[in-house]
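Undergrad:
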Amino acid sequence: MAWIYLFIAGLFECGWAIGLKYTEGFTRPVPSLLTVAAMGVSFVLLASAMKTIPVGTAYAVWTGIGAVGVAVLGVILFSETLNLYRAASILLIILGIAGLKIFSGTAA
17 MAWIYLFIAG
27 LFECGWAIGL
37 KYTEGFTRPV
47 PSLLTVAAMG
57 VSFVLLASAM
67 KTIPVGTAYA
77 VWTGIGAVGV
87 AVLGVILFSE
97 TLNLYRAASI
107 LLIILGIAGL
117 KIFSGTAA
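All letters in the sequence shown, in the order written, are residues 17 to 124 by our numbering.
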């Protein structure tokens, strides 16, 4: 269950990171409230996952999910450039996340 919490926490990290763009410096109330709420959910789920997943693994996976998600959403939502090197770098992050999961020594 901890890995599920961690994955969902990573998705909420994507949500709040993208949400920051829409807050316009926390000057827009609704996007700001949604962003802060996503931050809270992400942190609570991360903390729950860390009860059984080692802190270094949990934090690296959480930030990795966020980095990949935000990079992909940046391309989709904001027309950011996706070239071969950027795609390869995203793939390396995904491989790192998978490696941490596979070799973490904690149950699925």
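Glycine included, each C-beta is placed from N, C-alpha and C at the ideal position.
Going by the CB atoms, is the gap between Ala104 and Glu96 shorter than 9 angstroms?
TA: The residue labelled residue 96 in the question sits at position 80 within the sequence shown. The residue labelled residue 104 in the question sits at position 88 within the sequence shown. In this structure, Ala104 does not lie closer than 9 angstroms to Glu96 by Cβ.
Undergrad: Nearest-angstrom Cα distance between Gly14 and Ser48?
TA: The chain is shown from 17 up to 124; residue 14 falls before or after that span and cannot be answered.
Undergrad: Tell me whether the stretch 26-33 and the stretch 53-73 touch, counting them as touching only if at least three CB pairs, one residue from each stretch, are closer than 8 angstroms.
TA: yes
Undergrad: Put Pro45 into one of helix, strand or coil per three-state DSSP.
TA: The sequence position of residue 45 within the sequence shown is 29, counting from 1. It is helical.
Undergrad: Closest to Ile34 by CA distance: which of Gly115, Gly82 and Val77 is it?
TA: Position 18 of the sequence shown, counting from 1, holds the residue named residue 34. Ranking Gly115, Gly82 and Val77 by Cα distance to Ile34 puts Gly82 first.
Undergrad: Buried or exposed: which applies to Val84, given that a residue is buried once 16 or more other Cβ atoms fall within 10 Å of its Cβ?
TA: Working through the sequence shown from its first residue, we reach residue 84 at position 68. By the 10 Å Cβ count, Val84 comes out buried.
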